[in-house]
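Taking my numbering, the leading residue of the sequence shown gets 12, the next gets one more, and so forth.
Where a beta carbon is used, it is the ideal one built from N, C-alpha and C, also for glycine.
Some notes on the structure that comes next.
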Amino acid sequence: MRTSVRVVPLEQARVDLLVVASGKLHGKLPDSLLALDATTGSALRRAIETGDFTGDRDQSVLVYPARGSTRVLLLGLGDHAQITRAALRTAAAVGTRRAIGLGARAVAFHVTKETHTGVHADALGQVAVEGAGQGAWRFLELKAVRDGKPAIEHFELIVPREQRADVERGREIGHAVAVGQRLARNLQMLPGNVCTPTYLGEIARDLGRAYGFRVTLFDRARLEKEHMGALLSVARGTQEDPRLIILEYRGAGRAAPVCLIGKGVTFDSGGISIKPAERMDEMKYDMSGGAAVLGTFEVLGQLKPAVNVVGMVPSTENLPSGTATKPGDVVRSHLGKTIEVVNTDAEGRLILVDALSYARRFKPACAIDAATLTGAVVVGLGNHAVGLMGNDDQLIGEVRQAGDRAGERCWPLPLWDEYRDQLKSDVADVKNSGGRAGGSITAGWFLREFVDDMPWAHLDIAGTAYIDAERPGLAKGPTGLGVRLFTEFLLGRARA
Ligand code: BES
Ligand code: MN
Ligand code: ZN
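Okay, structure coming up:
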């Protein structure tokens, strides 16, 4: 999807779908829509004067003008005071999702002059294009029989001349984010028999070739050499070759890098502690954290911000077999600490800790991991917030702000000392599960046992990486969550 910014009278847009977003109206057609309304035989005015369209959030009216664009979609943004970045992102997404349904190839998006938001023009450009990409996303790669609906070819923002330059700056960021998020969602969507650890490694290699990142892939033999016993203990049950994927982006010379780590379990059956059959298919999404890291590297490649970033994706399947790790087995991590694997379904933390301790060699400024780590975070926060933990309040605050800007909101959970006791093992240094109580927090504590003094934050994205019902502007399935948050975080650091 091409994206651009254009200064043009609305009635001359000539696109397949012109989306006109408006905040609350008071029964009167805004002056800025007079000329467009004239091309519709006053359909816009009547929609407003009848009270059918009031500008309330999620309201829409579709009309067919006699000339100019084929269709005009009036879209409500709600109370002017509540028109945030998130609301504008969603509005653009609703627009492109509607466009897909209508078979429109060229889409334009405009926010009326009379709509008052606190959102600056460059942020508008960014979030509208992010939203456009979000709404336009479809995954057809594995369908032999398709519905024949075309993809959206062009999305343009129609803005007043004086905003053009600012909106254009934001559009560039939004476009990069949209591309990165599309990669993440596509990877998430791919089933376990296609998206294997080897496949993820190849994607990293492709990114490296396209953008010039250094990419290092550890296979099973190399992982053994590096003594990554925790990661390898999960990979014991599968024939698929595991990977530790490492990508290095340099945009800031010799500055200490930000380390991003994403859980890359390409299928989580639970292992010997096998999961129930119901909805086990969703465990193809257990590599969503890894997908977010790879998607973020696509954004880095496009934008080349002034920051150094190391991405790590420990990746394996978690399957039961005659060689699989058994409950009660004790394994030795890369750090040297021993782990009693009381539950083979608590595998994400095992693969993450070897990556976390390996991260030390990059002397990172901080490390942030994203992982579909616990069912408990879904119980606690549902599908609307990321569980946020860490060892550094300042970093936690910075991540939280990035999440707010990104519309990927995080909510803090406490890593108090008291929870740590639940991980005490009789036979090893720690055990890999603290039981049901405070399950997300004890998982966070387990990770913390392998982080020494670097500032570190942990995102439990099990409730937010994919959704089982559609939302305005967002299809059900993978959300690509993490790409926007990581991007906001890194751009924030690059500007600092
Ligand atoms: N991948 C799962 C967590 C998960 C659950 C993600 C639901 C998305 C939706 C993780 O590996 C897991 O199985 N966690 C266990 C940990 C327990 C055994 C301590 C869990 O949450 O039940
Ligand atoms: Mn599991
Ligand atoms: Zn898992």
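Do you know offhand how far residue 436's Cα is from residue 496's?
-> The sequence position of residue 436 within the sequence shown is 425, counting from 1. The sequence position of residue 496 within the sequence shown is 485, counting from 1. Distance between the alpha carbons of residue 436 and residue 496: 36 Å.
Could you say if the region 180-200 and the region 137-156 meet the contact criterion of at least three C-beta pairs nearer than 8 Å?
-> Result yes; three or more Cβ-Cβ pairs closer than 8 Å.
From 17, 459 and 292, pick the residue whose C-alpha is nearest to that of residue 178; which is it?
-> What you label residue 178 is simply residue 167 of the sequence shown in a count that begins at 1. Measuring from the Cα of residue 178, the nearest candidate turns out to be 17.
Nearest to residue 223 by alpha carbon, out of 308, 195, 285 and 266?
-> For this step, residue 223 is matched to residue 212 along the sequence shown. Here the closest residue by C-alpha is 308.
Which residues share a DSSP beta bridge with residue 340?
-> The sequence position of residue 340 within the sequence shown is 329, counting from 1. DSSP, once it has assigned bridges, lists 352 as partnering residue 340.
Cβ-heavy atom distance, residue 286 to the ligand ADP, below 8 Å = As far as ligands go, the structure on display features the ligand BES, the ligand MN and the ligand ZN and does not contain the ligand ADP.
What separation, rounded to the nearest whole angstrom, lies between the Cα atoms of residue 215 and residue 229?
-> Counting from 1 along the sequence shown, the entry for residue 215 is found at position 204. Counting from 1 along the sequence shown, the entry for residue 229 is found at position 218. If you take the alpha carbons of residue 215 and residue 229, they lie about 12 Å apart.
For residue 328, the first and last residue of its enclosing beta strand (DSSP E) | Position 317 of the sequence shown, counted from the first residue, corresponds to residue 328. Under the DSSP assignment, residue 328 falls in the beta strand (DSSP E) whose first and last residues are 319-329.
Return the residue from the list 211, 160, 155 and 131 that minimises the CA-CA distance to residue 109.
-> Locating residue 109 in the sequence shown gives position 98, where the first residue counts as 1. The candidate whose alpha carbon is nearest that of residue 109 is 160.
Count the other CB atoms, across all protein chains shown, that sit within 10 Å of the CB of residue 336; report buried if there are 16 or more and exposed otherwise.
-> Position 325 of the sequence shown holds residue 336. Under this definition residue 336 is a buried residue.
Please confirm whether any heavy atom of the ligand BES lies closer than 8 Å to the CB of residue 328.
-> Within the sequence shown, numbered from 1, the residue matching residue 328 stands at position 317. Result no, Cβ not under 8 Å from the ligand BES.
Identity of the residues DSSP links to residue 71 by a beta bridge = Locating residue 71 in the sequence shown gives position 60, counting from the first residue. Looking at the DSSP assignment, residue 71 forms a beta bridge with 86.
Which two residues bound the contiguous beta strand (DSSP E) that contains residue 94?
-> Residue numbering aside, residue 94 sits at position 83 when the sequence shown is read from its first letter. Counting along the chain, residue 94 falls outside any beta strand (DSSP E), and DSSP gives it neither H nor E.
What first and last residue would you give for the beta strand (DSSP E) that runs through residue 12?
-> Numbered from its first residue, the sequence shown carries residue 12 at position 1. No beta strand (DSSP E) holds residue 12; DSSP gives it neither H nor E.
Between the beta-carbon of residue 310 and the beta-carbon of residue 187, is there less than 9 Å?
-> Residue numbering aside, residue 310 sits at position 299 when the sequence shown is read from its first letter. Residue numbering aside, residue 187 sits at position 176 when the sequence shown is read from its first letter. Yes, Cβ-Cβ distance for residue 310 and residue 187 is below 9 Å.
Residue 327 versus residue 247: straight-line alpha-carbon distance, rounded | Working through the sequence shown from its first residue, we reach residue 327 at position 316. Working through the sequence shown from its first residue, we reach residue 247 at position 236. C-alpha separation (whole angstroms): 9 Å.
Please report the residue range of the beta strand (DSSP E) in which residue 272 lies.
-> The count along the sequence shown starts at 1 and reaches residue 272 at position 261. From DSSP, the beta strand (DSSP E) with residue 272 extends over 269-273.
Counting only runs of 3+ residues fully inside the region 378-442, write out the beta strand (DSSP E) ranges in chain order.
-> 397-401 and 421-423
Between which two residues does the beta strand (DSSP E) harbouring residue 254 extend?
-> Your numbering for residue 254 matches position 243 in the sequence shown. Where residue 254 is concerned, the enclosing beta strand (DSSP E) stretches over 254-261.
How big is the Cα-Cα spacing for residue 491 and residue 275?
-> Numbered from 1 along the sequence shown, position 480 holds the residue referred to as residue 491. Numbered from 1 along the sequence shown, position 264 holds the residue referred to as residue 275. Computed Cα separation, rounded: 14 Å.
Would the region 335-349 and the region 261-275 be scored as touching if the rule is three or more Cβ pairs under 8 Å?
-> no
Does DSSP put residue 444 in a helix, in a strand, or in coil?
-> Start at 1 with the first residue of the sequence shown, and residue 444 comes out as number 433. In the structure shown, residue 444 sits in coil (DSSP, three-state: anything other than H, G, I, E or B).
Span of the alpha helix (DSSP H) holding residue 215?
-> As a first step, residue 215 is located in the sequence shown; it is residue number 204 there, counting from the start. Its alpha helix (DSSP H) spans residues 208-222.
Going by DSSP, name the residue or residues bridged to residue 6.
-> Residue 6 falls outside the range modelled here, since the chain spans only 12 to 507, and no answer is possible.
Thinking C-beta only, is residue 92 closer than 9 Å to residue 28?
-> Walking along the sequence shown from the start, residue 28 turns up at place 17. Walking along the sequence shown from the start, residue 92 turns up at place 81. No, they are not a contact pair.
Quick one: measure Cβ to Cβ for residue 400 and residue 426, integer angstroms, because I've assumed they're closer than 8 Å.
-> By 1-based counting over the sequence shown, the position of residue 400 is 389. By 1-based counting over the sequence shown, the position of residue 426 is 415. Separation of the CB atoms of residue 400 and residue 426 is rounded to 5 Å, and the pair is thereby assigned contact status at 8 Å.
Within 9 Å, strictly: CB atoms of residue 11 and residue 106 = Lying outside 12 to 507, the shown extent of the chain, residue 11 is not represented and no answer is given.
In this structure, does DSSP put residue 31 in helix, strand or coil?
-> As a first step, residue 31 is located in the sequence shown; it is residue number 20 there, counting from the start. It is a strand residue.
Below 6 Å CB to CB, which residues in the same chain sit around residue 281 once its five sequence neighbours on both sides are set aside?
-> For the purposes of this step, residue 281 is identified with residue 270 of the sequence shown, where counting begins at 1. Hits under 6 Å: 356.
Where residue 279 falls: helix, strand or coil (DSSP) | The residue given as residue 279 occupies position 268 in the sequence shown. Here residue 279 sits in strand by DSSP.
Buried or exposed (CB count within 10 angstroms, at least 16 for buried), residue 34 | Residue numbering aside, residue 34 sits at position 23 when the sequence shown is read from its first letter. Classification of residue 34: buried, given that the 10 Å Cβ count is 16 or more.
Check the DSSP bridge columns for residue 482 and list the partner residues they point to.
-> Locating residue 482 in the sequence shown gives position 471, where the first residue counts as 1. In the DSSP output, where bridge partners are listed per residue, residue 482 has 485.
Rounded distance between the beta-carbons of residue 296 and residue 383, thought under 8 Å = Position 372 of the sequence shown, counting from 1, holds the residue named residue 383. Position 285 of the sequence shown, counting from 1, holds the residue named residue 296. Their Cβ separation, rounded to whole angstroms, is 6 Å, which keeps residue 383 and residue 296 in contact under 8 Å.
Does the beta-carbon of residue 114 have 16 or more other beta-carbons within 10 angstroms, so that it is buried, or is it exposed?
-> Position 103 of the sequence shown, counted from the start, is the residue given in the question as residue 114. With fewer than 16 other Cβ atoms inside 10 Å of its own Cβ, residue 114 counts as exposed.
Determine the burial state of residue 372: buried for a count of at least 16 other Cβ atoms within 10 Å of its Cβ, exposed for fewer.
-> As a position in the sequence shown, residue 372 is number 361, starting the count at 1. It counts as exposed.
Residue 117 - containing beta strand (DSSP E), residue span = Here the question's residue 117 lines up with position 106 in the sequence shown. Per DSSP, residue 117 belongs to the beta strand (DSSP E) from 117-122.
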